[in-house]
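Q: Handing you a structure now.
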Amino acid sequence: MHVFVCHAAPDRDAAARLRADLAQIGRQVALDRGEPNGPQWWDTVLSRIRRCAVFVFVVSPDSVRSPGCLAELRYAAALGKPLAAVRLGAAKFPAELADAAVIDAGGSTAERIPRLRATIDAFPPPGSLPQPLPPEPPVPYLEVYRSRLDQPVLDQTTQLSIMTDLRSRLLDPKQRAGAWSLLVGLRRRPDVAPPVAATLENILAPGWQPDPERRVERRYWDGQAWTTLVRHDGREFNERRTPPPETTWEADTPAPAAHRRASAPRTTPRRKTRWVLVGLAVAVTAAGGAVAALVLPGVTAADDDPVKAARTFVDAVNTEDVADLRAVTCERVRGQAADVFVDLGPLTLEQVNESTDPVTFTVVTTNVVGGELEQRVFPLIRESGEWRVCAP
Numbered sequence: 001m002h003v004f005v006c007h008a009a010p011d012r013d014a015a016a017r018l019r020a021d022l023a024q025i026g027r028q029v030a031l032d033r034g035e036p037n038g039p040q041w042w043d044t045v046l047s048r049i050r051r052c053a054v055f056v057f058v059v060s061p062d063s064v065r066s067p068g069c070l071a072e073l074r075y076a077a078a079l080g081k082p083l084a085a086v087r088l089g090a091a092k093f094p095a096e097l098a099d100a101a102v103i104d105a106g107g108s109t110a111e112r113i114p115r116l117r118a119t120i121d122a123f124p125p126p127g128s129l130p131q132p133l134p135p136e137p138p139v140p141y142l143e144v145y146r147s148r149l150d151q152p153v154l155d156q157t158t159q160l161s162i163m164t165d166l167r168s169r170l171l172d173p174k175q176r177a178g179a180w181s182l183l184v185g186l187r188r189r190p191d192v193a194p195p196v197a198a199t200l201e202n203i204l205a206p207g208w209q210p211d212p213e214r215r216v217e218r219r220y221w222d223g224q225a226w227t228t229l230v231r232h233d234g235r236e237f238n239e240r241r242t243p244p245p246e247t248t249w250e251a252d253t254p255a256p257a258a259h260r261r262a263s264a265p266r267t268t269p270r271r272k273t274r275w276v277l278v279g280l281a282v283a284v285t286a287a288g289g290a291v292a293a294l295v296l297p298g299v300t301a302a303d304d305d306p307v308k309a310a311r312t313f314v315d316a317v318n319t320e321d322v323a324d325l326r327a328v329t330c331e332r333v334r335g336q337a338a339d340v341f342v343d344l345g346p347l348t349l350e351q352v353n354e355s356t357d358p359v360t361f362t363v364v365t366t367n368v369v370g371g372e373l374e375q376r377v378f379p380l381i382r383e384s385g386e387w388r389v390c391a392p
């Protein structure tokens, strides 16, 4: 049985505990916090709601004020999905939950699990979806901007208007992640006007920003993507934790709704510089482990192959994937790749340098003895038309 859990971002801990409890009784779970987290976020959410057998709404002062959470609840109700509610704090139940089963999430695990099992097992088997399907709700928060950015051509005046509006929405914590993603999309447009592009480069320049996932206080944006370098509670560190997947469901790629107009195909304009740095520690003091971060230019957008090889190598080391590691290492060390490289992890890719002969890339790793961050440089060579990593 698939269970969809809708919650507000501040209620993530309660939602995570509910997820764990549901897993204990053998249920597959999808979580959503009602806020944008990627370009296909809303299509994915609606697809999961259509597929779920039970829709659980975490009722809190934040969720009942969240446009995203309420839109998800109303869509589930329109589909006729069985509804359940978990109450957190003093919040009035939305009208859609008037007849919902209430899950008591308090008490010890031994107390919660039997109650949860009884509540979930009481729901009937999932029925067929209504035909025709109810109208899909629009994307909360920023739908008007997404629709405008889907247009194949935008003049400079329209681009400036969109950029100005989205920039102002960066001040709203609930809209910031979505607005940032749309600004990145605007910058990628092949028709972006030079004045707009210049301003976007300043807005989206490398630097510390509020964490879009709101797990920590600050996360480093390298100019192209979010990195694992974070700041929290006065500390600066590489976040090595891999967050749990949003869902345990299989085959979770949503199919676009039939009535939605497909976006015009786009090509990504080449940027002058690709930033591949995550974080470089240059000093660790005995008193507090102070870490300084440095951003260095990587390679141009035309030079994707060496960057791809370096990233594949780092991912293979970090996941201890010996097959991928052997596939990306040179013939000289391929047979000993597991012995030579696996114990290096976890690694963070810093930069790829094509001005050297051979081409090299630099990674950051943690010294297991002293706990200090160290740089290591590896050569990249061409073998059989492919980039391969060799030992120094």
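Here UniProt numbering is used: the sequence shown runs in plain steps of one and ends on residue 392.
Glycine included, C-beta positions come from ideal geometry on N, C-alpha and C.
Of the residues ARG112, SER128, VAL139 and ARG12, which one's Cα is nearest the Cα of LEU46?
A: Counted from its first residue, the sequence shown places residue 46 at position 46. With distances taken between Cα atoms, LEU46 lies closest to VAL139.
Q: If you scan the UniProt domain "TIR" (3-107) from start to end, which runs of the beta strand (DSSP E) of 3 or more residues do you find wholly inside it?
A: Here the runs fully enclosed are 28-32, 54-59, 83-87 and 101-103.
Q: Which residue's Cα is closest to the Cα of CYS52: PRO61, VAL64, ASP32 and GLY68?
A: Within the sequence shown, residue 52 is the residue found at index 52, counting from 1. Among PRO61, VAL64, ASP32 and GLY68, the Cα nearest to that of CYS52 belongs to ASP32.
Q: Cutting at 6 Å between CB atoms, please list the residues of its own chain near TRP226, excluding the five before and the five after it.
A: Indexing the sequence shown from 1 puts residue 226 at position 226. Hits under 6 Å: ARG219.
Q: So, is ALA316 buried or exposed, given that buried needs 16 or more other C-beta atoms within 10 angstroms?
A: Residue numbering aside, residue 316 sits at position 316 when the sequence shown is read from its first letter. Under this definition ALA316 is a buried residue.
Q: Using 10 angstroms around the beta-carbon of SER384, count the other beta-carbons present and answer buried if the total reaches 16, otherwise exposed.
A: Your numbering for residue 384 matches position 384 in the sequence shown. Label assigned to SER384: exposed.
Q: Could you check whether ALA8 and CYS69 sit closer than 8 Å to each other, using their CB atoms as the reference points?
A: As a first step, residue 69 must be located in the sequence shown, where it is residue number 69. As a first step, residue 8 must be located in the sequence shown, where it is residue number 8. Yes; because the gap between Cβ atoms is below 8 Å, this pair is in contact.
Q: Tell me where the alpha helix (DSSP H) around LEU349 begins and ends.
A: By 1-based counting over the sequence shown, the position of residue 349 is 349. Note, LEU349: premise wrong, no alpha helix (DSSP H); beta strand (DSSP E) at 348-353.
Q: What residue range is occupied by the uninterrupted alpha helix (DSSP H) comprising PRO173?
A: Position 173 of the sequence shown, counted from the first residue, corresponds to residue 173. Its alpha helix (DSSP H) spans residues 173-188.
Q: Just the Cα atoms here: how many angstroms apart are ARG19 and LEU129?
A: Numbered from 1 along the sequence shown, position 19 holds the residue referred to as residue 19. Numbered from 1 along the sequence shown, position 129 holds the residue referred to as residue 129. When rounded, the distance between both Cα atoms is 25 Å.
Q: Roughly how many angstroms separate the alpha carbons of THR109 and VAL54, rounded to a whole number?
A: For the purposes of this step, residue 109 is taken as residue 109 along the sequence shown, with counting starting at 1. For the purposes of this step, residue 54 is taken as residue 54 along the sequence shown, with counting starting at 1. Going by the C-alpha atoms only, they are around 21 Å apart.
Q: Beta-carbon separation of ALA179 and LEU186 under 8 Å?
A: To locate residue 179, count along the sequence shown from 1; it is residue 179. To locate residue 186, count along the sequence shown from 1; it is residue 186. The answer is no: Cβ separation not under 8 Å.
Q: Just mark SER147 as buried or exposed, buried being the case when its beta carbon has 16 or more other beta carbons within 10 Å.
A: Residue 147 sits at position 147 when you count from the first residue of the sequence shown. Result: exposed.
Q: Under 8 Å between the Cβ atoms of PRO358 and PRO379?
A: In the sequence shown, the residue the question calls residue 358 occupies position 358. In the sequence shown, the residue the question calls residue 379 occupies position 379. A contact, by the Cβ cut-off of 8 Å.
Q: I need the boundaries of the beta strand (DSSP E) containing VAL389, first residue and last residue.
A: Within the sequence shown, numbered from 1, the residue matching residue 389 stands at position 389. From DSSP, the beta strand (DSSP E) with VAL389 extends over 386-389.
Q: Pick from VAL102, LEU142, LEU160 and VAL342: whose alpha carbon is nearest that of LEU116?
A: As a first step, residue 116 must be located in the sequence shown, where it is residue number 116. Among VAL102, LEU142, LEU160 and VAL342, the Cα nearest to that of LEU116 is on VAL102.
Q: Could you compute how far the alpha carbon of GLU320 sits from the alpha carbon of ALA327?
A: Reading the sequence shown from its first residue, position 320 is the one you call residue 320. Reading the sequence shown from its first residue, position 327 is the one you call residue 327. Each residue's alpha carbon lies about 13 Å from the other.
Q: Taking the continuous beta strand (DSSP E) assigned at PHE237, which residues delimit it?
A: Position 237 of the sequence shown, counting from 1, holds the residue named residue 237. PHE237 -> beta strand (DSSP E) spans 235-238.
Q: In whole angstroms, what separates the C-alpha of PRO152 from that of VAL322?
A: As a working mapping, residue 152 is identified with position 152 in the sequence shown. As a working mapping, residue 322 is identified with position 322 in the sequence shown. So the two alpha carbons sit approximately 44 Å from each other.
Q: Can you tell me whether PRO379 is helix, strand or coil according to DSSP?
A: Position 379 of the sequence shown, counted from the first residue, corresponds to residue 379. PRO379 falls in the strand class under three-state DSSP.
Q: At what residues does the alpha helix (DSSP H) containing PRO306 begin and finish?
A: The residue given as residue 306 occupies position 306 in the sequence shown. Unbroken alpha helix (DSSP H) run through PRO306: 304-319.
Q: Quick check on DSSP: helix, strand or coil for PHE361?
A: Along the sequence shown, one-based indexing puts residue 361 at 361. Correct three-state label for PHE361: strand.
Q: Three-state secondary structure (DSSP) at THR228?
A: Numbered from 1 along the sequence shown, position 228 holds the residue referred to as residue 228. Of the three classes helix, strand and coil, the one that applies to THR228 here is strand, per DSSP.
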